[in-house]
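There are 2 protein chains.
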Amino acid sequence: MAQAKYFELSDARREGFFNISEAAEASGVSAKMIRHYEETGLVPKAGRTVAGYRIYRDADVHVLRFIRRSRDLGFTMKEIGGLLGLWQDKRRASADVKKLAAKHMADLDARIAELQGMRRTLEHLVHCCHGDGRPDCPILDDLAGAGRA
Amino acid sequence: MAQAKYFELSDARREGFFNISEAAEASGVSAKMIRHYEETGLVPKAGRTVAGYRIYRDADVHVLRFIRRSRDLGFTMKEIGGLLGLWQDKRRASADVKKLAAKHMADLDARIAELQGMRRTLEHLVHCCHGDGRPDCPILDDLAGAGRA
DNA sequence: GTCCACCTTCCCACCGTGGGAAGGTCAAGC
DNA sequence: GCTTGACCTTCCCACGGTGGGAAGGTGGAC
């Protein structure tokens with residue numbers, strides 16, 4: 381990632397590097413997750429100081445922010461790997477990006493529809509339940525017997 | 381769960397018990413998950429034959445179906461634990477069930493809104509991307525720079 | 001020199017589900 | 001009887017993402 385070799389931390393700072401918590405702060409990705417992304421290969425290994433501290437440049441933080449934004453849009457790690465590849469490939473076809481995004485949109489639609497289905501059923505049940513001190517409850521009755529009662 | 385002790389499997393069947401795969405089939409919960417629910421204490425420990433095979437009665441299958449149905453409505457394991465408790469408590473107040481269900485509905489609403497927010501943003505981006513062989517792509521531009529460009 | 005904040009690695013947890021290995025058991029066919 | 005294949009058991013590992021925390025090393029300020 382940083383491609384830098386074996387600075388003292390103070391030197392690294394002078395050269396414009398961040399340590400991991402600064403990179404986390406600037407990118408919105410937690411230090412924990414930055415390490416995790418490195419470990420899983422989503423981002424290349426960070427440069428290190430002589431003492432073994434990870435150091436990051438602006439460009440690295442930029443990558444992390446890209447990941448953060450992608451997560452915010454609900455892309456999976458795998459998809460983000462693909463997006464990063466496309467982002468860094470200057471000869472990419474925008475159609476490839478669009479395709480990936482459209483696929484993800486379809487996934488979101490499916491998930492939304494699923495949740496809305498649950499919500500509708502639940503709304504009906506909640507509506508039917510008088511919700512007082514008595515024990516009889518159509519919600520439980522449905523859970524207990526739906527599809528065969 | 382089954383409260384039965386140490387049958388031979390053939391005896392158990394005559395007494396109306398199911399083995400785990402029959403219970404799975406009848407309840408819609410996989411054998412794998414039945415064991416898992418037992419291990420986590422969501423359902424009581426099943427009875428066993430002398431050979432150690434789990435055996436289930438109709439009532440046990442009924443419980444499993446309750447769980448399955450609850451999962452289908454998106455309840456978490458924890459919530460299902462609560463629902464099971466209420467279901468089996470004949471002196472429950474239906475208000476308690478309604479409250480749990482209403483809370484879950486609110487959770488669903490929040491999740492749906494979140495996904496719809498993602499979807500809206502994504503739709504806009506996909507719409508803006510010409511999606512041809514050229515590399516320039518507003519989707520990647522947004523992921524790379526949103527919030528500071 | 002001391003102190004505290006930060007860094008490192010490592011392991012564990014969540015939730016829900018599935019895969020698969022290694023070994024025991026049941027029932028059917030011969 | 002014995003073999004065969006389907007099933008059972010327990011155990012561990014994986015996924016996606018994120019967090020908690022322990023144990024030990026460092027950086028920098030006073």
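Chains as they are written, first to last, in our numbering: chain Z, 381 to 529; chain L, 381 to 529. In this text, a Cβ means the ideal position worked out from N, Cα and C, and glycines have one as well.
Original post:
chain L beta carbons: is any one of them nearer than 8 Å to that of Z/LEU466?
Top reply: Closer than 8 Å: yes.
Original post:
Do the stretch 477-489 of chain Z and the stretch 491-509 of chain L touch if we need at least three Cβ pairs shorter than 8 Å?
Top reply: Remark: three or more beta-carbon pairs, one from each stretch, lie closer than 8 Å, so the stretch 477-489 of chain Z and the stretch 491-509 of chain L are flagged as touching.
Subject >> Check whether L/SER474 and Z/ASP521 have beta carbons under 8 Å apart >> reply: The criterion of a C-beta distance shorter than 8 Å is not satisfied by L/SER474 and Z/ASP521.
**OP:** Give a yes or no on whether 8 Å exceeds the smallest Cβ distance from L/SER401 to chain Z.
**Re:** No, its Cβ sits nowhere closer than 8 Å to a Cβ of chain Z.
Subject >> DSSP bridge partner residues for L/TYR563 (one or two, in chain order) >> reply: Only positions 381 to 529 of chain L appear in the structure, and residue 563 of chain L is not among them; the question remains open.
Subject >> Span of the alpha helix (DSSP H) around Z/LYS478 >> reply: Segment 474-508, the alpha helix (DSSP H) holding Z/LYS478.
Subject >> Min CB distance L/ASP512 to chain Z below 8 Å >> reply: At least one chain Z Cβ lies under 8 Å of L/ASP512.
Original post:
When DSSP labels each residue in this structure, what does L/ARG448 get in the three-state scheme?
Top reply: In the structure shown, L/ARG448 falls within a helical segment according to DSSP collapsed to helix, strand and coil.
**OP:** Assign Z/VAL409 to one of three DSSP states: helix, strand, or coil.
**Re:** Under the three-state reduction of DSSP output, Z/VAL409 falls in the coil class, being neither helix nor strand.
**OP:** Can you tell me which of Z/ALA411, Z/ARG514, Z/VAL477 puts its alpha carbon nearest to the alpha carbon of L/LEU466?
**Re:** In this structure, Z/ARG514 is the residue among Z/ALA411, Z/ARG514, Z/VAL477 with its C-alpha nearest to the C-alpha of L/LEU466.
**OP:** Could you give the DSSP three-state label for L/LYS470: helix, strand or coil?
**Re:** L/LYS470 sits in coil when the DSSP states are folded into three classes, being neither helix nor strand.
**OP:** Indicate whether Z/ARG449 and L/LEU523 have their beta-carbon atoms separated by less than 8 Å.
**Re:** Contact annotation: Z/ARG449 and L/LEU523 have beta-carbon atoms nearer than 8 Å.
**OP:** Could you name the residues of the stretch 483-501 of chain L whose beta carbon sits closer than 8 Å to any beta carbon of chain Z, in the order they occur along the chain?
**Re:** Within the stretch 483-501 of chain L, the qualifying residues are HIS484, MET485, LEU488, ASP489, ARG491, ILE492, LEU495, GLN496, MET498, ARG499, THR501.
Subject >> Within chain L, partners of Z/ASP438 - CB distance below 9 Å >> reply: Per Cβ cutoff of 9 Å: no residues; Z/ASP438 is ~12 Å from chain L at best.
**OP:** Report the neighbours of L/HIS442 on chain Z: residues whose CB is nearer than 8 Å to its CB, in chain order.
**Re:** Under the 8 Å cutoff, chain Z gives ALA524.
Original post:
Is the Cβ-Cβ distance between L/GLY408 and L/ARG445 less than 8 Å?
Top reply: Closer than 8 Å, so yes.
Subject >> Opening and closing residue of the alpha helix (DSSP H) in which Z/PRO424 lies >> reply: If you look at Z/PRO424, you'll find it isn't in any alpha helix (DSSP H); DSSP assigns it neither H nor E.
Original post:
Taking the continuous alpha helix (DSSP H) assigned at Z/LEU520, which residues delimit it?
Top reply: Element bounds for Z/LEU520: 518-525.
Subject >> Three-state class that DSSP yields for Z/GLY393 in the structure shown >> reply: It is Arg, not Gly, that sits at residue 393 of chain Z in the sequence shown. Three-state result, Z/ARG393: helix.
Original post:
Buried or exposed: which applies to Z/ARG394, given that a residue is buried once 16 or more other Cβ atoms fall within 10 Å of its Cβ?
Top reply: Exposed: under 16 other Cβ atoms inside 10 Å.
Original post:
Does the Cβ of L/VAL430 have 16 or more other Cβ atoms within 10 Å, making it buried, or fewer, making it exposed?
Top reply: By the 10 Å Cβ count, L/VAL430 comes out exposed.
Subject >> For Z/ARG514, three-class secondary structure by DSSP >> reply: Coil at Z/ARG514, not helix or strand.
**OP:** Check the Cβ-Cβ distances between L/ALA529 and every residue of chain Z, and say whether any is below 8 Å.
**Re:** Unreliable positioning characterises L/ALA529 in this predicted model, as indicated by a pLDDT of 36, which lies under 50. A coordinate reading is not provided.
Original post:
Which bits of chain L does Z/GLY462 rub up against, with CB to CB less than 7 Å?
Top reply: The CB of Z/GLY462 never comes closer than 7 Å to any CB in chain L; the least such distance is about 11 Å.
Subject >> Residue of L/TYR417, L/ASN399, L/PHE397 minimising C-alpha distance to L/GLY577 >> reply: Any question about residue 577 of chain L goes unanswered here, given that chain L covers just 381 to 529.
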